[in-house]
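**Student:** Take -11 as the starting number for the sequence shown in our numbering and just add one per residue.
Pasting a structure below so you can have a look.
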Amino acid sequence: MPEPFAPRRAAGALCAALLAAAPLAAQTNPALPPPPPPLSARPVAAAAAPSGTRPLSLDEALTLAEENSDQVVVAQAGVMRARGQRLQAASQRYPQLGATASYSRALASQFSSLSGGSDTTTATPGPTNCGKFTPNPALPVQQRLDSLEHAVDCAANSNPFSSLGSLPFGNKNTWSLGLNLSQNLFAGGRIAAQVDASTAARRRADIQLASTRAQLVLDVAQAYYNAALADRLVSISEATFAQAEETLRQVTLAKQVGNQPEFELLRAQVTRDNQRPVLIQRRADRELAYTRLRLLLNLSADAPLALTTPLNDAAPVPVARFASNPNLLGDTVTMNRAPVRQAAQTIAAQEAQLKVARAGSLATVSLVSNYGRVAYPGGALPALGDFATNWTVGAQLSVPVFTGGRLRGDRMVAEAAVLEARAQFEGTKQLAVLDTRNALLQLASARAQWQASAGTVEQATRAYQIAEIRYREGLSTQTELTDSRILLQQSQANRAQAARDLQIAQVHVALLADLPISIGQASGAAAQQQAAPQQTTPQQQQPAQPQAAQSTAAFSGAGIVP
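Given below as structure tokens:
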């Protein structure tokens, strides 16, 4: 019976077959990667970036995203709106002063009938030399009688409106200048309550801005590392496909010289064909990951990027400059979570609104003063001496007597809002506890996987080195060498996946105090408090991104079980 394997004879036959079938080795598929490099246990290196590609580090991506984020602009507008509302509420504490100026021209006047149809109240001339009658005993009797008769004639024939001739009634031109002053003296606590409500709304808007920035940092970091992971998986898939091509070529040559059975050839062909859809899917995943990253950075969908931050570096991402409060960096206390703080501010705002509703039943007292200057010139423009002064000062009291149940309805609505806010606060605390526990468990799991993957890569590297030596010495087959290479690449893929998961988990925990709740289904009102849509966990947020399970399934399709 012949020997199952003759090392030297098989090696000589393979060398002769390689030289005889050189044209066959040159046949390649233009749609697939170029011929593979020599086998090596070194990690797969990234290809050189083409000209015109923009280098992009993670820190640069975070800065660029914050400068061009629409969500941050919306949150900043909310802060500006809240500050404006507080100014509106606080302005009621101070005097309100306004100035007025007016001019009017009379086209017809009711006083014209008193003067015979003239435009002004000019009296009809009566007897002349009419004065006050004073008896004078020193005068003769005849003169005293004449003087008495003249006084009676003046009294009987004089115009009764002759004294109004110097007044401005019915004049065509009227100029008026005035100042109006009002000051609230007592409002039943309504103004103070409105200021408290607007202050709570402003604090809630500030928390929302910090939460939006933190969520943006997490999203950008996740998109960046997803793109880096996709790059890594594409490189591994390309190397795996190239190895499958090389194996098929060598097995084909060995089959032609009679050193390999048809079974080995079929197995090599199936392995190569199974790697083709995996490579196509990896390239599609990479393009999708890069597109998501470009959209977050507000870049063109086709902008070429070259990621410079290494994926296999498990050092924490420097996110301290993106935290709203450095003291809360990495804080996991439930009461310091942004949704819980927002819910507390919502309670304060609703309680202040309840005070406003109750103050509506009380009286309000205000001081009012009006100062005016009025002129009725004969011509179009007045002179400085034509103006007369009119100045009044008074107090105004307003008491609601009957409102048809409106005030009672306002109080009921405000009380219901307070009860709802308190219930939402308790529910938000429970969700925050669960979300915090989930984030810490994810970090611990990601760190354990990262540490375990390091030993797996070392073991797979050592196993491949042994398989390569065995193959050179003729002690093993090409299939064994290929399997060792694929297992090494699988361990490298798992290592890259573990690095990505660890980085995302570290960023998540570091910014946990400012991040919205990302686990469970919060109520609709709680979502309105956060002013942001509910987020999913990092593993659920990117379902189309390459995951460790997907990588395992892809390599299992090639006949390898890690």
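Every residue, glycine too, gets a C-beta built ideally from N, C-alpha and C.
Predicted model only: the values in this text are computed from it and were never measured.
Whole angstroms is fine: what's the gap from L285's alpha carbon to G348's?
**Tutor:** Your numbering for residue 285 matches position 297 in the sequence shown. Your numbering for residue 348 matches position 360 in the sequence shown. So the alpha carbons of these two residues sit roughly 50 angstroms apart.
**Student:** Look up R325 in the DSSP assignment and say whether it is helix, strand or coil.
**Tutor:** Residue numbering aside, residue 325 sits at position 337 when the sequence shown is read from its first letter. Coil at R325, not helix or strand.
**Student:** If the criterion is Cβ atoms closer than 8 angstroms, does the pair A70 and R178 meet it?
**Tutor:** On the sequence shown, position 82 is the one that residue 70 refers to. On the sequence shown, position 190 is the one that residue 178 refers to. Not a contact, by the Cβ cut-off of 8 angstroms.
**Student:** Taking Cβ to Cβ, would you say V305 is nearer than 8 angstroms to L500?
**Tutor:** Numbered from 1 along the sequence shown, position 317 holds the residue referred to as residue 305. Numbered from 1 along the sequence shown, position 512 holds the residue referred to as residue 500. Cβ atoms of V305 and L500: not closer than 8 angstroms.
**Student:** With a Cβ-Cβ cutoff of 8 angstroms, do R270 and S199 count as a contact?
**Tutor:** Counting from one through the sequence shown, the residue named residue 270 turns up at place 282. Counting from one through the sequence shown, the residue named residue 199 turns up at place 211. Cβ atoms of R270 and S199: not closer than 8 angstroms.
**Student:** Is the number of C-beta pairs between the stretch 460 to 471 and the stretch 418 to 438 that are closer than 8 angstroms three or more?
**Tutor:** Result no; under three Cβ-Cβ pairs closer than 8 angstroms.
**Student:** Is the number of C-beta pairs between the stretch 369 to 386 and the stretch 313 to 331 that are closer than 8 angstroms three or more?
**Tutor:** No: the two stretches stay apart, fewer than three of their Cβ pairs being nearer than 8 angstroms.
**Student:** Which ranges would you report for the alpha helix (DSSP H) in the stretch 425 to 507 if only whole runs of at least 4 residues count?
**Tutor:** Fully enclosed alpha helix (DSSP H) runs of 4 or longer: 466 to 498.
**Student:** Tell me which residue opens and which closes the alpha helix (DSSP H) that L169 is part of.
**Tutor:** As a first step, residue 169 must be located in the sequence shown, where it is residue number 181. No alpha helix (DSSP H) contains L169, which is instead part of the beta strand (DSSP E) from N161 to F174.
**Student:** How many angstroms separate the CA atom of A586 from the CA atom of F229?
**Tutor:** The requested residue 586 is not part of the displayed model; the chain covers only -11 to 550.
**Student:** Cβ of Q171 within 8 angstroms of Cβ of L355?
**Tutor:** Counted from its first residue, the sequence shown places residue 171 at position 183. Counted from its first residue, the sequence shown places residue 355 at position 367. Against a cut-off of 8 angstroms, the Cβ pair of L355 and Q171 comes out as a contact.
**Student:** Rounded to the nearest angstrom, what separates A308 and V344 at their Cα positions?
**Tutor:** Taking the first residue of the sequence shown as 1, we reach residue 308 at position 320. Taking the first residue of the sequence shown as 1, we reach residue 344 at position 356. Approximately 41 angstroms between the Cα atoms of the pair.
**Student:** Does DSSP classify T259 as helix, strand or coil?
**Tutor:** Here residue 259 refers to the residue found at position 271 of the sequence shown. T259 falls in the helix class under three-state DSSP.
**Student:** For F229, report the span of its alpha helix (DSSP H) as first-last.
**Tutor:** In the sequence shown, counting from the first residue as 1, residue 229 sits at position 241. R178 to Q244 is the extent of the alpha helix (DSSP H) around F229.
**Student:** Kindly indicate which residue of L52, D58, R399 and V497 has the alpha-carbon position closest to the one of R435.
**Tutor:** Taking the sequence shown and counting its residues from 1, one reaches residue 435 at position 447. Considering only alpha carbons, the answer is V497.
**Student:** Quick check on P327: buried or exposed, where buried means 16 or more other Cβ atoms within 10 Å of its Cβ?
**Tutor:** As a position in the sequence shown, residue 327 is number 339, starting the count at 1. It counts as buried.
**Student:** Would you call the stretch 334 to 341 in contact with the stretch 401 to 412, where contact means no fewer than 3 C-beta pairs closer than 8 angstroms?
**Tutor:** Yes: the two stretches touch, three or more of their Cβ pairs being nearer than 8 angstroms.
**Student:** Taking the alpha carbon of A218 as the point to measure from, which residue in I268, S135 and G360 has its own alpha carbon closest?
**Tutor:** What you label residue 218 is simply residue 230 of the sequence shown in a count that begins at 1. Out of I268, S135 and G360, I268 has the C-alpha closest to the C-alpha of A218.
**Student:** Enumerate in chain order the residues of its own chain whose CB-to-CB distance from R201 is below 7 angstroms, with the five nearest sequence positions on each side excluded.
**Tutor:** Counting from 1 along the sequence shown, the entry for residue 201 is found at position 213. Correct list, in chain order: E54, V60 and F310.
**Student:** Spatial neighbours of T279 within its chain, please: CB distance less than 7 angstroms, with the 5 preceding and 5 following residues excluded, ordered by chain position.
**Tutor:** Position 291 of the sequence shown, counted from the first residue, corresponds to residue 279. Closer than 7 angstroms at the Cβ level, and outside the excluded window around T279, lie A289.
**Student:** Should T424 and T297 be called a contact, given that it needs their Cβ atoms to be closer than 8 angstroms?
**Tutor:** Here residue 424 refers to the residue found at position 436 when the sequence shown is read from its first residue. Here residue 297 refers to the residue found at position 309 when the sequence shown is read from its first residue. Cβ atoms of T424 and T297: not closer than 8 angstroms.
**Student:** Can you have a look at P388 and say buried or exposed, based on whether 16 or more other CB atoms are within 10 angstroms of its CB?
**Tutor:** Residue numbering aside, residue 388 sits at position 400 when the sequence shown is read from its first letter. Looking at its Cβ environment, which holds fewer than 16 other Cβ atoms inside 10 Å, P388 is exposed.
**Student:** For T334, which of S186, K160, A351 and V401 has the nearest alpha-carbon?
**Tutor:** Residue numbering aside, residue 334 sits at position 346 when the sequence shown is read from its first letter. Of S186, K160, A351 and V401, the residue nearest in Cα terms is S186.
**Student:** Looking at A294 and R572, is the spacing between their C-beta atoms short of 8 angstroms?
**Tutor:** Only positions -11 to 550 of the chain appear in this structure, which leaves residue 572 out of reach.
**Student:** Alpha carbon to alpha carbon, what distance is there between N214 and L52?
**Tutor:** Locating residue 52 in the sequence shown gives position 64, where the first residue counts as 1. Locating residue 214 in the sequence shown gives position 226, where the first residue counts as 1. In a straight line, the C-alpha of L52 is about 18 angstroms away from that of N214.
**Student:** If we ignore side chains and look at the alpha-carbon of each, how far apart do R346 and A331 end up?
**Tutor:** Residue mapping note: residue 346 aligns to position 358 of the sequence shown, counting from 1. Residue mapping note: residue 331 aligns to position 343 of the sequence shown, counting from 1. One C-alpha to the other measures close to 23 angstroms.
**Student:** Where does P24 fall in DSSP's three states?
**Tutor:** Residue numbering aside, residue 24 sits at position 36 when the sequence shown is read from its first letter. With a pLDDT of only 37 at P24, under 50, the local geometry of the prediction cannot be trusted, and the value read off the model is given with reservation. Reduced to three states, the DSSP call for P24 is coil.
**Student:** Starting from V362, follow the beta strand (DSSP E) in both directions and report where the run begins and ends.
**Tutor:** Within the sequence shown, residue 362 is the residue found at index 374, counting from 1. T352 to A363 is the span of the beta strand (DSSP E), which, as asked, contains V362.
**Student:** Would V445 and R483 be called neighbours here (beta carbons separated by less than 8 angstroms)?
**Tutor:** Indexing the sequence shown from 1 puts residue 445 at position 457. Indexing the sequence shown from 1 puts residue 483 at position 495. Yes, the pair counts as a contact, with Cβ atoms nearer than the cut-off.
**Student:** Residues in the same chain with beta-carbon distance under 6 angstroms from A448, minus the five sequence neighbours each way, listed in chain order, please.
**Tutor:** As a first step, residue 448 is located in the sequence shown; it is residue number 460 there, counting from the start. L475, L476 and S479.
**Student:** Go through its chain and collect everything with a Cβ distance to A188's Cβ below 6 angstroms, but skip five positions before and after it.
**Tutor:** Residue mapping note: residue 188 aligns to position 200 of the sequence shown, counting from 1. Correct list, in chain order: Q333, A336 and A337.
**Student:** Enumerate in chain order the residues of its own chain whose CB-to-CB distance from N168 is below 6 angstroms, with the five nearest sequence positions on each side excluded.
**Tutor:** The sequence position of residue 168 within the sequence shown is 180, counting from 1. Correct list, in chain order: G86 and N358.
**Student:** From the DSSP output, in three-state form, read off V307 for me.
**Tutor:** For the purposes of this step, residue 307 is identified with residue 319 of the sequence shown, where counting begins at 1. In the structure shown, V307 sits in coil (DSSP, three-state: anything other than H, G, I, E or B).
**Student:** Got a sec? Which residues, its chain only, sit under 8 angstroms from L173 by beta carbon, not counting five neighbours each side?
**Tutor:** As a position in the sequence shown, residue 173 is number 185, starting the count at 1. Result list for L173: V353, S354, L355 and A383, in chain order.
**Student:** Got a sec, what are the start and stop residues for the alpha helix (DSSP H) R71 sits in?
**Tutor:** For the purposes of this step, residue 71 is identified with residue 83 of the sequence shown, where counting begins at 1. First-last of the alpha helix (DSSP H) with R71: D58 to A78.
**Student:** Whose C-alpha, out of Q73, A96 and D194, is nearest the C-alpha of Q64?
**Tutor:** Counting from 1 along the sequence shown, the entry for residue 64 is found at position 76. Residue D194 is the option with its Cα nearest to Q64.
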